Every structure is written in structure tokens, then in C-alpha cells.
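So the protein sequences, as listed, match chains A and B. With our numbering, the residue at position 378 of the first sequence is 1067, and numbering never jumps. With our numbering, the residue at position 29 of the second sequence is 484, and numbering never jumps. C-beta atoms are modelled at their ideal positions from N, C-alpha and C, and glycine is treated no differently. Bear in mind that the values here come from a model prediction, so they are computed numbers and not experimental data. Data first, discussion second: the structure below is written as C-alpha cells.
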Amino acid sequence: MMITFKKRFYSIRIISYYTGYIVLGITLLMILPIITSLILREWNPFFDFTISISISGIFGMLLVLFGKQTRDNKSYVQWKHGLVVASLSWIFLMVLCAIPYWLSGHSTSFIDSCFDVMSGFTTTGVVLLQDLDHLSLGLNLWRHMLTFIGGQGIVVLALAFLVKQVGGAYKFYVGEGKDIELVPNVKSTARIIWKISMIYLFVGTVALWIDGIVIGLNPVSAFFHGLFIFCSAWSTGGFAPTTQNIMYYHSFSFEIITIIFFILGSLNFGLHYAIWTGKKRELIKNIETQSFFITSFLGCAFAVIGLAKLNVYSGAISAFRRVVYNVLSAHTTTGFGSIYARQFALEWGDFGIFIMVAVMLIGGSACSTAGGFKGLRVGIVFKGLIADIRKLLSSERNVKAYKFHHIKDNLLDDTIVKSSALIILCYIVTFSIGTAIGTYYGYPLASSAFESASVTGNVGLSIGITVPSMPIILKLYYIIAMYLGRLEFLSVFTLIGYVIGGIKKLWVKE
Amino acid sequence: MKKAKNEIIGFFTELILISAFIAIIYVTTFVIMRLR
């Protein structure tokens, strides 16, 4: 009896220990908005963050203490532990990081605060916060920090930099949907990811800062706007410090700079690393970039043709800034909008919305900051289809191995095609359920599909459904869709299986 | 030294290629709007 009891709690202790460390690691980051609020004498956010860090810190400590035996016994981390820790950490952190939002008074309910945190962590970018233009700098910093670290991966960050214990770290890393090893060591891989991001953070912030000054912002304001917009662009998040999003700046140059950085942010970290280590041709040869460049070019061209037919925009610059910008923002799953939400519904027509839904679902690259079902999977399934057709057309004796190039040449076997197709199917099912719930609550089909694709693909563009007064069931479903889309289903399904398995075991007689 | 040089070249390669892609899309937009 005692042995069985211990056995059951063995896994829970491991999960509790590592989840606790991740919670503590991310909680520590609240020190930055606390310092910012202190320097700027924003006393309300200062106290909000102090309360939040205390609650989150105590919770994280309790989790670590509960699983303390893990360290004493040097317990082995299994795959199921890694996947459950990754998915569970996101849920705990969503709740804990929502406390400063809720205390600020800018949210109408705690669910809305959780919605905004999940939107930030998953780099979606849909917003339920009220009166965004009067948010404190401390809270704005926190929002953009969440989206920036969410893009690189919160579990990866916590394990690679903030805690010492990294045994079995690759299993947590995969749980967060990032399964590429740039170098054999996971800690070094995570550091490479962060090195690339920090170099671009510096360059991008300076570029946007200078441009901000040129377009008339004062230097201090331009710096913070540059920093916040870069964090959102690189992490393909879509948050902005003002309600008008990217329209606030009224600047073509500002829009061009953001396009460059959100496309770069949507590329695979493995690709950045390959190019930075001398493999320049990788940008052309890689199946993922080929897929991305083809689909984004076609998406932009068809959207411009469709809207030109409707005579919505008068010239090339206007069409580029209003149509191409939004299509690229949707395809990279960024979510910066250069038109108002309702303009999609009122001016773009069904064809324009269809293009947007398609590119939002396809998304950016695997192992990047982007969402969607990813160019790599689209490329693999497309190549798999061509390979199957060729096999049917060729003689039965002619057995040929098909390959695809992604960092290196890989064999295109049925298992890879099948797993890619399954993930795409999961995305489509999640998107369809969201669309169905939207229509159930009386929203038009096109609008429901647009908003559902936006949350499932972690994009963040809105057609006007996501407002604080929307039905609570829809809010909860959108939170789940963002979460599933970001973690790419596997770890969340493992968590669900683990919980169901645990409940079943409780009913088994000793 | 070689590593740093590769990183700088890689960084600018990415920037140039992405900018070229944006330029291609802009030209395409221009052509479509002229032809409509």
C-alpha cells in the first residue's frame, strides 16, 4: 500500500519540482517592471507588481518544496514529465502573470487578464485590456516582455538561464514545441536562440527609435515605442502600446522596418543559425523558406487583385500599406494591423477574408516565434503528395527515395508526412470548433472564421469579435485555442492524458 | 574572428534578402494596381 502510494507521488513530485523552478524563474522577471515603476514613480503598478511577485514567488517555492525529493534522489525525468511540465507551467504562469493586469484595474474580470497574458505568452496579440492608451509604463513593459519571452519560449528561458537544474532539459524543450537542437547541448541551443534575439533586439530597437524621432516622437517616448514595437515584431506578437496599433505612427518607413523584423522573427532559429555560420544558401534552399516565400507572395498578390477589383484602395502605395502589410502580418502570425478591425468586415469582402484566414492558418516557420501550422509542414505534405503521385505514375519496380532540404537533406518517409498531416488536421479541427462557437453566438460565418483562425494561428488580428463584452465561453475557447496552437497539441494532450490517467487510478482498488 | 565575420555576413545576408523580397512584392503590387 505504502509503496504504491509513493510510486504515484513520484511523478507528481518531479513535475512539481521543475514546474516550481520555471514559475520562480519567470516570476523573477517581474523585478524589471518593479524597477521601472520605481524609477518613474508609478506607485500603483509598483505595488501591483510587488504583490504579484510575492504571491507567485510563494507559489513557486511551495511547488519546489513539494518536489524537493526529486533533487535529493536525482530522479530521472521521463518524456511524459517533460511534456506535462511544459504544458502545466504555461497554465500556472498564465494565472500568476495575470495578477498585475487584474490589480491595475484595466481588466473587467480576471478571465480577461488571463486572456491577455495567454495572448502575450503565445505571441497572439489580441487584447481585452481597457484604455490601452493610459496604461502605466511598468505594465506596458510587462506586456511586451511576456510576448518577447513567450516567442523564444518561457520554459526554455527558465531552464537555460534562470535555474541551475537542467537535467533532461530537452524533454521540456520539446514540450514547448521547439524540437530543434542547433548544438548537442540544449542549454547552448537555448543560449544561441537568445543571442540571435538579443542582437536583433538591439538593432531593431535602435532602428525604430531613430525612425520614431524622425517622425516626431520625443526621444524618450521614441525609445520605449521602438523597444515595445520591436519586441512585438520579432516575437510575431502584435501588441502595441497604443489602441491604434501600428496606425498610430502614420509612417511608411516605420511599417517597412516592422515588416523586415516580423518576417525575420517568423523564420526558424535553425535557419538563422545556419546562415550566421556561413550557410547562406540555406535561405533559398530550405523547404520552409521556399514554402513561406511562395505562399506569402501568392497571398499578397491575390489579396491585392481581389481588393483592386473592389476599388477599395486607390494606388500602389495605399494597397501596399493596407493590403500587403496586413497579409504579411497575418502570414507571419504577427498581428500588427494597419487598418481598423471592422474594415476587414466592411471593406475587404469574402475573398479578402478568405485569403487572410488561409495565410493565418499556414503561419510562419517551425521553431521560430511564429504560430500557425507552419511552412515546414505545408512543404512536407505538398512534397509527400507529389511523391505519391510520382510513385503511382512510375513503374512498380522503380523504387525511389524522396528527400526534402531543411538545414540538411532529410528522407521524406511516410512517418514524417503522416505526423505533419496530423498536426495540420489538429489545427483545422481547433479552428473549425472556434468558428462553430462563433456562429452559435450569432456572429457571421466569415467573421467567426477570421477570429478563430487568428487565435488558433496565434496571429492577433481581430475583425471585431474580441471585445470584453464577448460571451465568456468564446473567451475561454479562444484561450484554449491560443494555448493549443502555441504548444502544438502534443504536450497538452499528454497533460490531459496524465490527468485522466491519474483520476482513473484513484478508482482502482488497492 | 572568422566566426564573428560569418555572423556579420549572415546578419546582412538575411536583411538584404528579406528587403529584396519586400521590394518584389511592392513591384508586384504596383503592376497589379496599374493593370486593373
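Item	Value
Stretch-stretch touch, CB-based, cutoff 8 angstroms, three pairs: the segment 770-784 of chain A with the segment 1135-1155 of chain A	no
7 angstroms Cβ cut-off: residues of chain B touching I1122 of chain A	Within chain B, no residue comes near I1122 of chain A; the closest Cβ sits about 33 angstroms away, beyond 7 angstroms.
In DSSP terms, what H1094 of chain A is bridged to	A:D1098
8 angstroms contact criterion, which T484 of chain B and A775 of chain A should meet: CB distance rounded	No, T484 of chain B and A775 of chain A are not in contact; Cβ-Cβ is about 41 angstroms, not under 8 angstroms.
Own chain residues within Cβ distance below 6 angstroms of T812 of chain A, not counting five before or after	T836, G839, G840, S924, T925, G926, T1058, N1147
Span of the alpha helix (DSSP H) around T1276 of chain A	With chain A covering 690 to 1199 only, the question about residue 1276 of chain A has no answer from this structure.
Euclidean distance between Cα positions of L960 of chain A and E1036 of chain A	37 angstroms
Contact the segment 1016-1024 of chain A vs the segment 809-826 of chain A: 3+ CB pairs below 8 angstroms	yes
R1066 of chain A burial status per 10 Å Cβ neighbour count (16 or more: buried)	buried
Short CB-CB distance (under 9 angstroms) between M488 of chain B and chain A	yes
Span of the alpha helix (DSSP H) around P734 of chain A	732-755
C-beta neighbour in chain B for F982 of chain A, strict 9 angstroms	yes
C803 of chain A - DSSP class collapsed to helix/strand/coil	helix
Minimum Cβ-Cβ distance from W642 of chain A to chain B less than 9 angstroms	As displayed, chain A neither begins before 690 nor continues past 1199, which places residue 642 of chain A out of reach and without an answer.
Simplified DSSP assignment, three categories, for T797 of chain A	coil
Helix, strand or coil at V1001 of chain A according to DSSP, with G and I counted as helix	coil
Residues near M432 of chain B in its chain [Cβ-Cβ closer than 6 angstroms; skip 5 each side]	Because chain B here runs from 456 to 491, residue 432 of chain B falls outside it and cannot be looked at.
Selected residue, minimal CA-CA separation from C1056 of chain A, among A:G1131, A:I1162, A:S1121, A:Y962	A:Y962
Under 7 angstroms by beta carbon: chain B residues contacting G1004 of chain A	M488
C-beta neighbour in chain B for C1115 of chain A, strict 9 angstroms	no
F476 of chain B and I964 of chain A closer than 9 angstroms at C-beta	no
8 angstroms contact criterion, which G1068 of chain A and F1040 of chain A should meet: CB distance rounded	G1068 of chain A to F1040 of chain A, Cβ: 25 angstroms. No contact.
Backbone secondary structure at Y1132 of chain A - three-state DSSP	coil
Interface residues of chain B facing A1008 of chain A [CB-CB closer than 7 angstroms]	T484, M488
Limits of the unbroken alpha helix (DSSP H) element including F1040 of chain A	1038-1051
C-alpha distance - E1199 of chain A paired with K1193 of chain A, whole-angstrom precision	Because E1199 of chain A sits at a pLDDT of 47, beneath the cut-off of 50, its placement in the model cannot be relied upon, and the point is left open.
Where I473 of chain B meets chain A, residues with beta-carbon distance less than 7 angstroms	I949, I952, L953
Local Cβ density within 10 Å of S808 of chain A, reported as buried at 16 or more and exposed below that	buried
Element boundaries [alpha helix (DSSP H), containing Q819 of chain A]	No alpha helix (DSSP H) holds Q819 of chain A; DSSP gives it neither H nor E.
Coarse secondary structure for S1027 of chain A, derived from DSSP in three states	coil
Three-state class that DSSP yields for S1032 of chain A in the structure shown	Checking the sequence, you will find Gln at residue 1032 of chain A rather than Ser. Here Q1032 of chain A sits in helix by DSSP.
Helix, strand or coil at Q933 of chain A according to DSSP, with G and I counted as helix	coil
Near-chain B residues of the segment 1033-1047 of chain A - C-beta to any C-beta below 7 angstroms	none
Residue-chain proximity (C989 of chain A, chain B), Cβ-Cβ < 9 angstroms	yes
Cβ-Cβ distance between R1010 of chain A and V1001 of chain A below 9 angstroms	no
Unbroken alpha helix (DSSP H) run spanning Y938 of chain A, endpoints	Note, Y938 of chain A: premise wrong, no alpha helix (DSSP H); not H, not E.
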